[in-house]
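Enquirer:
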Amino acid sequence: MLQLNVKNETSRLRAVVLGSAVHNGPTPTIEEAYDPKSLEHIKAGTYPLEKDMIAEMDAFNAVFQKYDVTVYRPEMIENYNQIFARDIGFVIDDVFVKSNILPDRERELDAIQYVIDQIDPLKVVRPPEEVHIEGGDVMLWNDHIFIGTYKGSDYKDYITARTNMHGVNYIKSLFPNKIVKEFDLVKSKLEARDNALHLDCCFQPVGKNKGIIYKRGFREEADYLYLVKLFGKENLFHIERNEMYNMFSNVFSIDENVVVSEKNFTRLNNWLRENGFTVEEIPYAEISKQEGLLRCSTLPLIRD
1 MLQLNVKNET SRLRAVVLGS AVHNGPTPTI EEAYDPKSLE HIKAGTYPLE KDMIAEMDAF
61 NAVFQKYDVT VYRPEMIENY NQIFARDIGF VIDDVFVKSN ILPDRERELD AIQYVIDQID
121 PLKVVRPPEE VHIEGGDVML WNDHIFIGTY KGSDYKDYIT ARTNMHGVNY IKSLFPNKIV
181 KEFDLVKSKL EARDNALHLD CCFQPVGKNK GIIYKRGFRE EADYLYLVKL FGKENLFHIE
241 RNEMYNMFSN VFSIDENVVV SEKNFTRLNN WLRENGFTVE EIPYAEISKQ EGLLRCSTLP
301 LIRD
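Each residue of the sequence shown is one higher than the one before, counting from 1 in UniProt numbering.
Laid out in structure tokens, this is it:
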């Protein structure tokens, strides 16, 4: 049996599900785009090629092997995008939560059923139908659970709004002893530079007390200020609009002092090194064209 344990974003990683770009399928049509960044690249003819995305994910996998992390990959589905494992489920403490994802993506959960079968069934939960929640919106920080949401009355009109207040309240009921704090995120169907698809598109902790943050990703300044107060402004790396678009906050921690980052994130990577981090740089710019990056591609199962 897998003994799940995830309490934060940065403790030493032992086991993870890493998505797959194999048999990713043809470039989607404009109508099939789930997010404005993919739409932009579909229209421009620059949507990523399968071979390039496979190479990027192989580079990510190689870093996991270097650090002796157990890696699970989804079973193959022909002509299907299985890159973003973070969307389909997440672990809090020792509980595996199956996401209520977009109906078109249900098969992605089936492809990791062999992993779920290794977990105590009493520790696997599926929220009720009215609960919308995806792993990219759920961020653990020891006794805190941060959750990205969208509180606009037009929630149902946004395919980019992935976690609703039912989702927030469901997590509160599951973990009554945690401090659950929701963040109202900026959404756009048309402009990726103004769309925080998930919380990890505008914020993520690194190390023991630091974080990467994009102030304009939050609809309410009070939500941004909550994190500034919690972490301290001097411990936060503030990213700009274009850096948010390139997904600077969507790095991935293997340990408290080891961060996997995109090799072109020069300003961020320099800051990380200056603050004592080992930065494992890999190419991931092609995958980022789908409005997802390193954290989005992973589903951590066990951390120390």
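Ideal placement from N, C-alpha and C gives every residue a C-beta, glycine not left out. Just so it is clear, the structure is predicted and the values come from calculations on it, not from any experiment.
Which first and last residues belong to the beta strand (DSSP E) in which Y72 is found?
Expert: 70-72 is the span of the beta strand (DSSP E), which, as asked, contains Y72.
Enquirer: By a C-beta neighbour count over all protein chains shown, 10 Å radius and 16 as the cutoff for buried, is H238 buried or exposed?
Expert: The residue is exposed, with fewer than 16 neighbouring Cβ atoms inside 10 Å.
Enquirer: Using a threshold of 8 Å, state whether the C-beta atoms of I54 and I42 are closer than that.
Expert: No, they are not a contact pair.
Enquirer: Per DSSP, which residues does P205 bridge with? Please list them.
Expert: G211.
Enquirer: Given T278, which residues of its chain have a CB within under 7 Å of its CB, disregarding the five upstream and five downstream residues?
Expert: Cβ within range, chain order: N257, V258.
Enquirer: Closest by CA to G135, which one among H166, F84, K123, P128?
Expert: Of the candidates H166, F84, K123, P128, the one whose C-alpha sits nearest the C-alpha of G135 is F84.
Enquirer: What is the DSSP secondary structure of L2, counted as helix, strand or coil?
Expert: Reduced to three states, the DSSP call for L2 is coil.
Enquirer: Could you round the C-beta distance between N195 and K187 to whole angstroms and report it? I think they count as a contact, below 8 Å.
Expert: Yes, N195 and K187 are in contact; Cβ-Cβ is about 6 Å, under 8 Å.
Enquirer: Where does E221 sit, in a helix, a strand or coil, going by DSSP?
Expert: E221: helix per DSSP, three-state reduction.
Enquirer: Cβ of residue 308 within 8 Å of Cβ of V63?
Expert: The structure shown does not extend to residue 308, since the chain is modelled only from 1 to 304, so the question has no answer here.
Enquirer: Which residue wins for smallest C-alpha separation from N24, given the options I254, K51, Q3?
Expert: The residue with the shortest Cα to Cα distance from N24 is K51.
Enquirer: Would you tell me roughly how many angstroms separate the C-alpha atoms of S38 and M76, rounded to the nearest one?
Expert: Roughly 22 Å between the two C-alpha positions.
Enquirer: Go ahead and label M244 buried or exposed: buried means 16 or more other beta carbons lie within 10 angstroms of its beta carbon, across all protein chains shown.
Expert: Label assigned to M244: buried.
Enquirer: Residues in its own chain within less than 6 Å of Y57 by CB, not counting five upstream and five downstream?
Expert: In the sequence as presented, Tyr is not what sits at residue 57; that position holds Met. Result list for M57: A21, in chain order.
Enquirer: Residue 315 lies in the beta strand (DSSP E); which residues open and close that run?
Expert: Any question about residue 315 goes unanswered here, given that the chain covers just 1 to 304.
Enquirer: In three-state terms, what does DSSP make of H41?
Expert: Helix at H41.
Enquirer: How long is the line joining the alpha carbons of E291 and L122, rounded to whole angstroms?
Expert: The alpha-carbon atoms of E291 and L122 are separated by roughly 34 Å.
Enquirer: For the beta strand (DSSP E) containing V63, list its first residue and its last residue.
Expert: Premise fails: V63 lies in the alpha helix (DSSP H), 50-66, not in any beta strand (DSSP E).
Enquirer: For H166, collect the residues of the same chain with a Cβ closer than 6 Å to its Cβ; drop the 5 residues on either side in sequence, then sort them by chain order.
Expert: If we look at H166 and ignore the five residues flanking it on each side, its Cβ neighbours are E130, V131.
Enquirer: Thinking just about the alpha-carbon of each residue, which of R12, N61, L49 is nearest to the one in S253?
Expert: Looking at the Cα atoms, R12 is the closest of the given residues.
Enquirer: Using only the heavy atoms of the ligand NAP, determine whether one of them is closer than 7 Å to the beta carbon of V186.
Expert: Here there are no bound small molecules, and the ligand NAP is not part of this structure.
Enquirer: Give the DSSP bridge partners of H238, in chain order.
Expert: Partner(s): I213.
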